[in-house]
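FYI, in mature numbering (1 follows the signal peptide of the UniProt record, and there is no 0) the residues of the sequence shown are -18 to -1, 1 to 312.
We put the beta carbon where it would ideally sit given N, CA and C, even for glycine.
Since the structure comes first, as structure tokens, the remarks are kept for the end.
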Amino acid sequence: MRILLLAILAILPFEAPAEPSKDDKHIVMVLWRGITDAERGFMDYLSDKIPAHYTILDAKRDKTLLANHLKSADRLSPDLIYTFGTTITLGLLGTENYPSSFREQSNTPVVFSIVTDPVGSKIVNSLQGPHRNFTGVSHIVPHNVQLKAISQLTGLETIGIIFNPLENNSVVTARNIQALSSEFKKDVFLYPLRTRNDKPDSDSIDKVVNMMQEDGVQLAYLPPDSYIISQGKNIVDNLHQHGIATFSATESPIRNNDALFGIVSRYYNAGQFAGYKAEQILTGQFPASEIPIESLTQYSYIVNVGAAQKLDYYPPVSILKISELIGGNE
């Protein structure tokens, strides 16, 4: 029987894995926590636009590994480099005032995605600028739009922002939200997690939540923070157990960890928009310097009904009727 099987296999056609064509564009993707919906959107968009193959450099949330990836990315002779998030983009490009050697010397164009605030993090001084070989997409709904929505949540006047102080984008977001607080007549307090050995200390989450409760925080704001997202279930469960409602600036904590409410730009859509910008560069339509750094203009309101039921707190009808309702018995 075994001889017969081998004989059958021997006459079946064999198709070897396709080798990248010399005409394929080579895209190096430098990632912080593996492939997210942003990268799926990016690759899906390009899949029927241009032939491309990808080299994935995943830092796996390790700064040492990230540093090695940043050094090697341009040595792989890519046609374009894609970067995920503020930390990686800053690592590769530096800031406007303190540019990296890559930014000053390399001819390889860069497209970034999921960067919270390119100007606030000093990647650029202006979203329009001729002297750059990169462009990208910010995924965050403007802070004033977020606070306007939060203002519709009755009885939630005191906001606490829990964040990783080692993530530049989180610090920028926390400060911006606090700076807008008086305009929206909200009290906003900042709660950075404790750090240990240059990493956020997960043991400090309980202490921070207890402090928030003692301070009378009624709504916890979850910023676009990779660490907060990775610890989403622990953080959201802890907050809700203490009767503190949650607003998320990103999609994952609402869908995956039962945060109550948020206004978000979907990662997948941001990735597709970044893919569109990459297509313009790789097909020679425009140099990166002529492609604006932009945010998405369409936002999604999401309410987790299951979280509302547990908290016994429901957003007003004005929000519910324009929101995607998930969880619970919608």
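Under the DSSP assignment, His8 falls in the beta strand (DSSP E) whose first and last residues are Lys7 to Leu13. By the C-beta density criterion, His51 is buried, having at least 16 other C-beta atoms within 10 angstroms. Ile143 carries a strand assignment under DSSP once its states are collapsed to helix, strand and coil. Contact between the segment 231 to 244 and the segment 209 to 219 is present: 3 or more CB-CB pairs across the two stretches fall below 8 Å.
Residue pairing by DSSP places Glu276 opposite Val119 in a beta bridge.
In the DSSP assignment, Ile301 falls outside any beta strand (DSSP E) and lies within the alpha helix (DSSP H) extending over Val299 to Leu302. Partner residues in the beta bridge of His35, as assigned by DSSP, are His8. Annotation: Pro274 to Leu109 spans about 6 Å, alpha carbon to alpha carbon. A Cβ-Cβ contact shorter than 9 Å links Val92 with Leu62. Judged by DSSP in its simplified three-state form, Val101 adopts coil rather than helix or strand.
One thing to note: Tyr249 has its Cβ within 9 Å of the Cβ of Gly23. Comparing C-alpha distances from Gly257 to each of Thr98, Ile32, Glu86 and Tyr203 shows the shortest one belongs to Ile32. If you ignore the 5 residues before and after Gly214, its C-beta comes within less than 6 Å of the C-beta of Pro235 and Asn239, all in its own chain and listed in chain order. Where Phe66 is concerned, the enclosing beta strand (DSSP E) starts and stops at Leu62 to Phe66. Approximately 4 Å separates the beta-carbon atoms of Gly253 and Ala20; this is inside 8 Å, confirming the contact. Beta-bridge annotation (DSSP): Asn286 is paired with Ile308.
Each residue's CA atom was taken as its position, placing Ser164 and Ser88 some 44 Å apart. In the DSSP assignment, the residues bridged to Ala202 are Gly142 and Thr228.
Bounds of any alpha helix (DSSP H) do not take in Tyr281, whose DSSP letter is neither H nor E.
The beta carbon of Ser208 lies closer than 8 Å to those of Trp14, Arg15, Arg43, Gly67, Thr69, Asn146 and Glu149 in the same chain, with the five residues before and after it left out. Going by beta carbons, Ser247 and Tyr281 fall inside the 9 Å limit. Within the DSSP secondary-structure output, Asp40 pairs in a beta bridge with Leu13. Under the criterion of beta carbons closer than 8 Å, Gly118 and Phe94 qualify as touching, at roughly 3 Å. With fewer than 16 neighbouring CB atoms inside 10 Å of its own CB, Arg176 falls in the exposed class. At a cut-off of 4 residues, the continuous stretches assigned as alpha helix (DSSP H) that sit fully inside the segment 160 to 223 are 186 to 196, 208 to 212 and 214 to 223.
In this structure, Asn286 and Ile308 form a Cβ contact; the two beta carbons are roughly 6 Å apart against a cut-off of 8 Å.
For Val127, the three-state secondary structure derived from DSSP is helix.
In the same chain as Phe255, and ignoring 5 residues on each side of it, the C-beta atoms closer than 7 Å to its own belong to Val119 and Leu278, in chain order.
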